[in-house]
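**Q** After the structure tokens below, expect a handful of questions from me.
In UniProt numbering, the protein residues as written are 1 to 113.
Following this line, the structure appears as structure tokens:
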């Protein structure tokens, strides 16, 4: 992930490589809309993502168009991110469809220069 700020917009440029070698990317645009509220958009996200911070935590919810084989499914994402120290972020994502859990992902991200 490469991140940058310009004016009141944060840009997060994500690159993914999956275990089967498939690659994808997503570019998030985040905007602060309250003292601890954020809104976000990305090309494969339905509507507006909503986020909220509290202490070292960031809670982020959105609906993602998820391609699977020859189909695309809208999947609900609920992300919890925790800043562990100034260089380490722990991210836990929960995915659901029609109220049923369909997956979860845990990531540890380390800041590099």
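Yeah, the Cβ is synthetic: ideal placement off N, Cα and C, and Gly gets one too.
(1) On the DSSP letters alone, give me the boundaries of the beta strand (DSSP E) that residue 56 sits inside.
(2) For the beta strand (DSSP E) holding residue 33, just list the boundary residues, first then last.
(3) Among residues of its own chain, excluding the 5 on either side of residue 9, which ones have a beta-carbon nearer than 8 Å to its beta-carbon?
(4) What do you reckon, are the CB atoms on residue 111 and residue 76 nearer than 8 Å?
(5) Helix or strand or just coil, what does DSSP make of residue 199?
**A** The relevant details are as follows:
(1) Segment: none, residue 56 is in no beta strand (DSSP E) and carries neither H nor E.
(2) Neither: residue 33 is in no beta strand (DSSP E) and is coded neither H nor E.
(3) 29, 30 and 31
(4) no
(5) Limits of the chain in this structure are 1 at one end and 113 at the other, which puts residue 199 out of reach.
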